[in-house]
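Chains as they are written, first to last, in full-length UniProt numbering: chain R, 1 to 80; chain X, 1 to 471.
Note that the Cβ used here is the ideal one computed from N, Cα and C, for glycine as well.
Source: prediction; values computed, not measured.
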Amino acid sequence: MVAAGTVPVTPPVPEALFQPLALALLISGLLASGSFFVREELSTGRRRGLPEEVMLAGVAATCLGFGTVFLLLACGVYLG
Amino acid sequence: MARLAAALLVLALAGIGASAQLVIEDVKRQIDISGFVVHEQLQLSLRNDGPAAAASLLLCDPNLARAAYLEVKDTASVKDAAAPKLAWQAAAAPAGAPAGVACREVTLPKPLAKKGTAKLTALAAYTHVLRPEPAEARQRDPQHVLFAGTAQLASPYKVTKQSTEIKVGGSVQSATEVSPYKRSGNTLSYGPYSDAAPWAAEQISVHYENNAPFAAAEVEREIEISHWGNVYVEERYHVRHVGAKLVGEWSRWDLTRDPKQFAKAGIPSFVAALPPQARSLYYRDAIGNISSSETRRSSEGVRVTLVPRYPLFGGWSSTFTFGYSLPLSSAVGKEPKTGRSVFAAPVGPALDDVVADSLVVKVVLPEGAKDPKVSLDLPFQLEQSLSYTYLDVLGRPVVVLRLSNLVQEMKGETLQVSYSYSSLGLLQKPLLLVGVLGAVFALAIVAGRGGLSSLAASPSVRNVVAKPHAS
């Protein structure tokens with residue numbers, strides 16, 4: 001039981017969502033990074049749009065980063 | 001230096017003078033020696049016969065040096081449960097005390113006026129005061145121990161009337177008889193004694209059978225708080241059986257066949273009581289998981305019976321780790337006014353009826369927690385350090401408390417650790433990962449544009465990069 005006069009701290013993301021979030025974020029992250037590398041390979045010789053590349057890389061990095069965190073949380077490794 | 005000595009002498013004389021004023025009208029002592037921990041209860045009423053008001057009372061006993069706790073309450077007007085506790089401090093035994101007597105000075109709620117009376121109840125628990133006698137026993141032998149105490153209260157004051165009752169709980173081999181003395185079943189009654197002079201306390205010793213579990217342990221508790229929703233608790237025990245040492249052969253066959261006969265003073269298992277929300281329990285030691293345990297869940301709590309790989313007999317010890325997790329909302333709360341997070345939990349280890357000779361509690365706070373503050377009603381030593389767990393860059397602040405001589409009654413004392421931590425700090429680790437992965441992608445972008453001369457240097461790499469597009 002929490003100390004008297006305090007309100008219990010609830011985590012920002014409910015625990016039931018760890019697994020579905022991990023799955024969704026990792027899948028979308030892998031899709032995004034896959035499409036990033038495919039774009040890299042296919043577009044040699046043509047002018048690539050740097051903003052689009054950076055945005056795709058950003059989306060992939062964010063999804064993969066948060067997906068790894070939720071994967072760790074879903075496996076019971078609660079990060080501090 | 002001389003002035004300091006003179007001041008101390010005056011203070012000492014004043015102390016002696018003050019203690020000579022009080023008279024204890026009546027004291028009833030009840031001593032329970034049926035378990036490993038000796039419990040003593042005193043109900044005393046005192047009167048101030050001196051000219052000046054008395055601010056404090058000296059309580060002395062040969063066993064007080066081993067007291068795990070001493071609780072004194074003023075029960076003159078209020079019933080025991082609601083009475084406030086009185087402050088006490090260790091004091092030197094005054095002149096004239098017999099050797100080996102330890103004293104505590106109890107501050108009275110208000111100074112006792114001339115001719116005033118007060119009623120107090122004192123409770124104390126003593127650890128490691130029962131001596132196994134004989135010191136060695138075979139597996140089939142019951143355990144006999146010796147208790148050394150006093151028939152009267154060892155007091156620096158005159159005692160008008162007193163009586164002592166000792167609850168033995170096992171068959172008595174021998175007991176010192178100080179008349180008037182009565183033995184009814186397993187209770188010894190000494191007294192009533194009237195008009196005892198100061199320090200007129202006769203030594204008694206009781207030799208009796210005591211098969212209670214004599215378990216003493218060194219415990220290390222590590223609590224790790226994660227604001228993603230979990231509090232890990234891991235307890236590492238080194239439990240020793242401090243009763244009569246086992247001699248001769250020990251037979252597990254005899255033990256299994258007839259435990260009542262062959263495991264009288266052995267400790268077969270430990271019981272732990274956990275909060276009802278405890279989950280992810282584990283019990284292991286250096287070899288690996290220990291599967292001999294039983295868990296019962298109910299709305300009041302989780303009761304776990306831990307059966308070590310071998311029962312503990314006298315002189316044996318067992319080292320193991322027991323851990324569990326708690327949901328964050330059952331252990332950590334936020335103060336609405338200051339915004340600080342407060343972690344609150346009982347300070348004692350989960351195992352019941354094990355005397356903790358030394359207890360180290362480490363509370364690992366989330367990375368980025370600032371300004372930790374500790375509050376606990378027991379004496380402890382405090383240290384702070386840093387710990388590194390998964391994905392930590394700067395380290396997590398750790399609050400380390402060291403306590404000693406904890407008995408069952410003290411384990412429920414609440415430990416509160418408060419710290420400031422905002423939920424935004426949770427983003428630190430995901431953003432760290434995003435940064436690292438982003439750097440990898442940035443490297444790929446730069447390499448793709450031929451910006452890294454080292455990558456573009458070797459012709460084979462250039463061929464690999466250029467080749468798939470030839471077709």
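Indicate whether residue i and residue j have their beta-carbon atoms separated by less than 8 Å.
{"i": "X:D285", "j": "X:T319", "result": "yes"}
{"i": "X:A331", "j": "X:A350", "result": "no"}
{"i": "X:T389", "j": "R:G80", "result": "yes"}
{"i": "X:P346", "j": "X:G301", "result": "no"}
{"i": "R:A22", "j": "R:F70", "result": "yes"}
{"i": "X:Q416", "j": "X:L246", "result": "no"}
{"i": "X:L64", "j": "X:C103", "result": "yes"}
{"i": "X:L274", "j": "X:Y324", "result": "yes"}
{"i": "residue 498 of chain X", "j": "X:S341", "result": "Because chain X spans 1 through 471 in this model, residue 498 of chain X falls outside it and cannot be assessed."}
Applying a beta-carbon distance threshold of less than 8 Å, which residues of chain X neighbour residue i?
{"i": "R:G49", "result": "What R:G49 touches in chain X: nothing, since even the nearest Cβ is about 12 Å away."}
What residue range is occupied by the uninterrupted beta strand (DSSP E) comprising residue i?
{"i": "X:F343", "result": "341-346"}
{"i": "X:W88", "result": "88-91"}
{"i": "R:P20", "result": "Element bounds for R:P20: not the beta strand (DSSP E) but the alpha helix (DSSP H), 18-42."}
{"i": "X:Q173", "result": "172-175"}
{"i": "X:P311", "result": "It is not in any beta strand (DSSP E) - X:P311 carries neither H nor E in the DSSP assignment."}
{"i": "X:I290", "result": "That residue, X:I290, is in no beta strand (DSSP E); it is neither H nor E in DSSP."}
{"i": "X:F147", "result": "144-150"}
{"i": "X:A55", "result": "54-61"}
Does chain R have any CB closer than 8 Å to the CB of residue i?
{"i": "X:G17", "result": "Low local confidence applies: a pLDDT of 44 at X:G17 is under 50, so the model's placement there is unreliable, and no value is given."}
{"i": "X:F322", "result": "no"}
{"i": "X:Y157", "result": "no"}
{"i": "X:E367", "result": "yes"}
{"i": "X:T389", "result": "yes"}
{"i": "X:N63", "result": "no"}
{"i": "X:D392", "result": "yes"}
{"i": "X:L123", "result": "no"}
{"i": "X:H39", "result": "no"}
{"i": "X:R396", "result": "yes"}
{"i": "residue 475 of chain X", "result": "There is no way to answer for residue 475 of chain X, as the model of chain X reaches only from 1 to 471."}
{"i": "X:H227", "result": "yes"}
{"i": "X:S280", "result": "yes"}
Cβ of residue i less than 8 Å from any chain X Cβ?
{"i": "R:L17", "result": "no"}
{"i": "R:L71", "result": "no"}
{"i": "R:E40", "result": "yes"}
{"i": "R:A57", "result": "yes"}
{"i": "R:L79", "result": "yes"}
{"i": "R:A24", "result": "no"}
{"i": "R:E53", "result": "yes"}
{"i": "R:P12", "result": "yes"}
List, in order along the chain, the chain X residues whose C-beta lies closer than 7 Å to that of residue i?
{"i": "R:A61", "result": "V434, L437, G438, F441"}
{"i": "R:G34", "result": "Within 7 Å Cβ-Cβ: nothing; R:G34 doesn't reach chain X, min ~12 Å."}
{"i": "R:A3", "result": "G333, V342, A344, Q416"}
Taking 7 Å as the line, does the beta carbon of residue i fall inside it for any heavy atom of the ligand HEM?
{"i": "X:H227", "result": "The ligand HEM is not part of this structure, which contains no ligands at all."}
Name, please, each residue of chain R whose Cβ falls closer than 7 Å to the Cβ of residue i.
{"i": "X:K334", "result": "T6, V7, V9"}
{"i": "X:K429", "result": "V69, L79"}
{"i": "X:W88", "result": "The premise fails here: X:W88 is roughly 26 Å from chain R at the closest Cβ pair, so nothing lies under 7 Å."}
{"i": "X:E25", "result": "None at all; the shortest Cβ gap to chain R is about 40 Å."}
{"i": "X:G448", "result": "E40"}
{"i": "X:S423", "result": "P12"}
Chain X partners of residue i, CB-CB under 9 Å?
{"i": "R:L64", "result": "L433, V434, L437"}
Assuming residue i contacts residue j (C-beta within less than 8 Å), just tell me the rounded distance between them.
{"i": "X:G169", "j": "X:H241", "result": "So it is not a contact: roughly 19 Å between Cβ atoms."}
{"i": "X:S56", "j": "X:L146", "result": "Not really, about 34 Å apart at Cβ, beyond 8 Å."}
{"i": "X:V161", "j": "X:E383", "result": "It should be noted that the sequence gives Lys, not Val, for residue 161 of chain X. Between X:E383 and X:K161 the Cβ distance is about 49 Å, and since that is not below 8 Å, they are no contact."}
{"i": "X:P156", "j": "X:P94", "result": "5 Å"}
{"i": "residue 506 of chain X", "j": "X:Q408", "result": "Past the edges of chain X, shown from 1 to 471, lies residue 506 of chain X, and the structure says nothing about it."}
Could you name the residues of chain A that residue i contacts, counting a contact when the two beta carbons are closer than 9 Å?
{"i": "X:R297", "result": "No chain A is part of this structure, whose protein chains are labelled R and X."}
If the cut is a Cβ gap below 8 Å, which residues of chain R does residue i touch?
{"i": "X:A444", "result": "F36, F37, E40, A57"}
{"i": "X:L426", "result": "P12"}
{"i": "X:L386", "result": "None at all; the shortest Cβ gap to chain R is about 12 Å."}
{"i": "X:S189", "result": "In chain order: nothing, as chain R lies at least about 43 Å away."}
{"i": "X:S291", "result": "Under the 8 Å cutoff, chain R gives no residues; its nearest Cβ is about 20 Å from X:S291."}
What in chain R is Cβ-close to residue i, meaning under 9 Å?
{"i": "X:E224", "result": "Y78, G80"}
{"i": "X:N230", "result": "P11, E15, L73, G76, Y78"}
Which two residues bound the contiguous alpha helix (DSSP H) that contains residue i?
{"i": "residue 554 of chain X", "result": "No statement about residue 554 of chain X is possible, as the shown extent of chain X runs from 1 to 471 and does not include it."}
{"i": "X:R257", "result": "252-257"}
{"i": "X:G323", "result": "First-last for X:G323: 317-327, but that is the beta strand (DSSP E), not the alpha helix (DSSP H)."}
{"i": "residue 473 of chain X", "result": "Within the shown structure, residues of chain X are numbered from 1 to 471, placing residue 473 of chain X beyond reach of any answer."}
{"i": "R:C63", "result": "50-74"}
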